[in-house]
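Just below is one structure, and these are the notes that go with it.
As structure tokens, then:
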């Protein structure tokens with residue numbers, strides 16, 4: 001279970017088709033469930049991008065005559081306590097949850113790669129010091145630290161992306177570090193060092209290209225968890241500003257007071273969240289299996 | 301072996317030191333806030349309007365917020381003396397002396413409050429781990445020995461679903477639908493175990509089931525993977541070829557080896573479990589350490605926030621340390637390499 005053992009390198013195949021095309025074909029052929037999940041995520045992403053066109057009503061428009069009405073032809077998923085169309089809010093919430101989730105994960109993956117990569121590449125005292133900080137960070141229960149920082153800086157989109165991204169990035173840096181240490185044991189790396197190739201060149205030409213599969217894996221297996229963390233934070237009131245329609249906030253705040261009269265208010269955001277995270281996890285697992293099955297480790 | 305244990309123990313010291321710096325600094329970014337909050341509360345509580353001017357500087361001095369951050373850190377650690385503004389004496393009172401600080405509101409000791417609330421959170425956590433293992437181990441083992449059957453697929457799908465379902469949403473559903481369908485809602489009035497054991501379990505069973513199933517998902521997947529790996533080993537083939545029956549092969553040979561890594565997973569899941577317990581304590585209004593933290597955050601009671609973070613982080617560290625130290629004893633292969 002040690003992180004220092006290093007992760008074996010993915011086999012580099014001879015280039016006939018582009019690597020991306022190859023990966024795509026293998027995904028469709030070998031992982032039908034992963035492909036289906038990928039398609040659902042793609043649809044969600046498109047819905048998130050075109051949310052303005054797709055919402056039947058402006059998400060903040062109040063229809064006070066139709067407060068808390070159930071699902072109907074007029075309001076497909078019913079209305080909330082001030083008569084806002086719930087489907088419109090759910091779609092807009094999807095945009096917030098998914099786009100914030102994706103950008104947060106992108107940030108955390110970059111941070112993981114930078115910290116882990118530098119720590120593994122330079123090694124020595126630098127590595128020892130960085131690893132002690134990472135050790136300390138990892139034992140801090142994530143949610144506790146997140147709500148602590150968020151309560152200080154206040155709820156908001158930039159804050160949440162930055163804080164969730166940094167916090168997740170530090171935790172995930174060990175995988176990147178392991179991958180870089182693995183690369184350092186390869187002959188091509190030793191050869192590059194032996195002919196006196198400068199650090200920067202070695203890093204750009206030999207380490208970075210070979211660490212890319214691991215970077216993609218880190219991104220795809222963490223994005224689901226990030227969206228869940230975001231929802232938990234919003235649910236506790238430490239995520240997005242109150243009144244935002246992201247899926248976590250829809251389940252908390254004022255809406256909670258009316259859930260017994262209108263249970264659909266609680267049902268749909270949670271279902272949307274579960275399905276999205278399920279698909280992201282399935283897709284992430286498929287990507288990991290395709291790119292580097294040896295990373296499976298703890299999950300089967 | 302001895303060298304390993306000593307090295308592992310020595311490594312805690314720098315980690316713990318960095319941990320105290322992180323925990324301490326996290327809440328000191330905006331020191332003025334707590335004072336503003338106190339001033340607002342004092343004005344609202346006692347003076348009904350605010351005709352009275354409050355001496356901010358005196359308040360800061362009383363709370364020890366008037367000195368530079370590194371001095372505050374030194375006092376918090378217990379290497380610099382703290383001045384008691386009631387008695388006027390200064391003495392060393394910090395982490396090194398076993399003190400986690402004093403609340404800004406009410407002057408109670410943080411560590412005492414944590415200890416008084418510990419039974420609730422501990423009971424919730426232990427129940428969740430027990431429930432998680434009771435679900436995960438049988439399902440994971442069965443899933444592996446009947447690989448690629450319908451039961452295996454159902455078990456695996458359930459596990460992936462379990463990992464994707466937000467536990468706070470599950471809790472909301474449990475509170476909501478039984479109430480609508482049968483007019484039943486989970487009991488919310490807290491009773492200590494010592495007063496009414498059954499009533500106490502009745503309150504905790506639902507939150508611990510929700511937390512337990514969330515933990516079971518990851519544990520089940522690991523158990524299954526490790527079982528599959530163990531079943532592929534040579535000693536299993538030997539056991540089969542000796543003519544042993546399936547029960548003996550699975551129980552005596554495979555499970556024993558497969559479950560060793562699962563021990564470490566319990567340690568690694570602790571941060572997640574603690575985060576989950578904060579959410580459960582919030583939804584089911586349980587008087588545990590999580591709700592203490594949420595309350596303190598609302599009031600910006602920084603010493604309490606630092607204290608709870610420090611307490612839980614040290615707990616996680618000790619548990620991960622213990623699982624690391626136990627590991628070589630459980631697995632002779634590690635011990636001799």
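Chains as they are written, first to last, in the numbering used here: chain A, 1 to 300; chain B, 301 to 637.
Where a beta carbon is used, it is the ideal one built from N, C-alpha and C, also for glycine.
Query raised in the report: Since residue 515(B) contacts residue 558(B) with CB under 8 Å, what's their CB separation in whole angstroms?
Result: Not a contact, Cβ separation roughly 18 Å.
**Report entry** Option nearest residue 209(A) by Cα separation, candidates 188(A), 104(A), 55(A)
**Finding:** 188(A)
Query raised in the report: Quick one, are the C-beta atoms of residue 405(B) and residue 601(B) less than 9 Å apart?
Result: yes
Query raised in the report: Do you know offhand how far residue 368(B)'s Cα is from residue 360(B)'s?
Result: 12 Å
Query raised in the report: In its own chain, which residues sit with a C-beta less than 8 Å from the C-beta of residue 548(B), not counting the 5 before and 5 after it?
Result: 539
Query - Ranges of the alpha helix (DSSP H) found wholly within the stretch 459-533 of chain B, counting only runs of at least 4 - result: 467-482, 497-531
Query raised in the report: Candidates 446(B), 468(B), 374(B), 358(B): which alpha carbon is nearest residue 248(A)'s?
Result: 468(B)
Query raised in the report: Counting Cβ pairs closer than 8 Å, one from the stretch 558-578 of chain B and one from the stretch 489-504 of chain B, do we hit at least three?
Result: no
Requested in this report: Grab the span of the alpha helix (DSSP H) containing residue 571(B) for me, first residue to last.
Outcome: 570-583
Requested in this report: In angstroms with no decimal places, state the Cα-to-Cα distance between residue 277(A) and residue 122(A).
Outcome: 36 Å
Query raised in the report: What is the DSSP secondary structure of residue 390(B), reduced to helix, strand or coil?
Result: strand
Requested in this report: Just mark residue 269(A) as buried or exposed, buried being the case when its beta carbon has 16 or more other beta carbons within 10 Å.
Outcome: buried
Requested in this report: Kindly confirm or deny that the stretch 455-465 of chain B and the stretch 278-285 of chain A touch, where touching means at least three C-beta pairs closer than 8 Å.
Outcome: yes
**Report entry** Coil, strand or helix - residue 559(B) by DSSP
**Finding:** coil
Query - Rounded straight-line distance, which links the Cα of residue 339(B) to that of residue 355(B) - result: 9 Å
**Report entry** Listed by chain order, chain A residues near residue 303(B) by CB distance under 7 Å
**Finding:** Correct list: empty, because the minimum Cβ distance to chain A is about 15 Å.
Report task. Enumerate, from N- to C-terminal direction, the unbroken alpha helix (DSSP H) stretches of 4 or more residues contained entirely within the stretch 75-157 of chain A. Result -> 86-122, 124-139, 142-153
Requested in this report: Would you kindly report the start and end of the unbroken alpha helix (DSSP H) that includes residue 554(B)?
Outcome: Counting along the chain, residue 554(B) falls outside any alpha helix (DSSP H), and DSSP gives it neither H nor E.
**Report entry** Beta-carbon separation (whole angstroms), residue 597(B) vs residue 582(B), contact threshold 8 Å
**Finding:** The pair is not a contact, with the Cβ atoms about 11 Å apart (cut-off 8 Å).
Query raised in the report: With a CB to CB cut of under 6 Å and the five nearest residues on each side skipped, what residues in its chain are close to residue 287(B)?
Result: A question about residue 287(B) goes unanswered here, because the residues of chain B that appear run from 301 up to 637.
Query raised in the report: Among residues of its own chain, excluding the 5 on either side of residue 57(A), which ones have a beta-carbon nearer than 7 Å to its beta-carbon?
Result: 85, 88
Query raised in the report: Between which two residues does the alpha helix (DSSP H) containing residue 35(A) stretch?
Result: 32-49
Query raised in the report: What residue does the alpha helix (DSSP H) around residue 410(B) start on, and which one ends it?
Result: 410-445
Query raised in the report: Name the DSSP beta bridge partners of residue 383(B), please?
Result: 390(B)
Report task. Have a look at 116(A), 65(A), 126(A), 287(A) and flag the residue whose alpha-carbon is nearest the alpha-carbon of residue 177(A). Result -> 116(A)
Query - Assigned exposure category for residue 126(A) - 16 Cβ within 10 Å defines buried - result: exposed
Query raised in the report: Which parts of the stretch 225-292 of chain A are runs of the alpha helix (DSSP H), unbroken and 4 residues or longer, counting only runs that do not cross its ends?
Result: 247-250, 264-291
Report task. Could you tell me which chain A residues have their CB closer than 7 Å to the CB of residue 465(B), listed as they occur along the chain? Result -> 274
Query raised in the report: Would residue 72(A) be called buried (16 or more neighbouring beta carbons within 10 Å of its own) or exposed?
Result: exposed
**Report entry** Residues near residue 216(A) by beta carbon distance below 8 Å, same chain, minus five either side
**Finding:** 287, 291
Requested in this report: Write down the C-beta distance between residue 308(B) and residue 621(B) rounded to the nearest angstrom, noting that I regard them as a contact closer than 8 Å.
Outcome: 7 Å
Query - Spatial distance of residue 378(B) from residue 592(B) (CA atoms) - result: 24 Å
Requested in this report: Assign residue 430(B) to buried or exposed, taking buried as 16 or more other Cβ atoms, counted over all protein chains shown, within 10 Å of its Cβ.
Outcome: exposed
Query raised in the report: Can you find a CB in chain B that lies within less than 9 Å of the CB of residue 136(A)?
Result: yes
**Report entry** Contact set for residue 315(B): own chain, Cβ-Cβ below 8 Å, skip 5 residues either direction
**Finding:** 617
Query raised in the report: For residue 80(A) and chain B, any beta-carbon pair shorter than 9 Å?
Result: no
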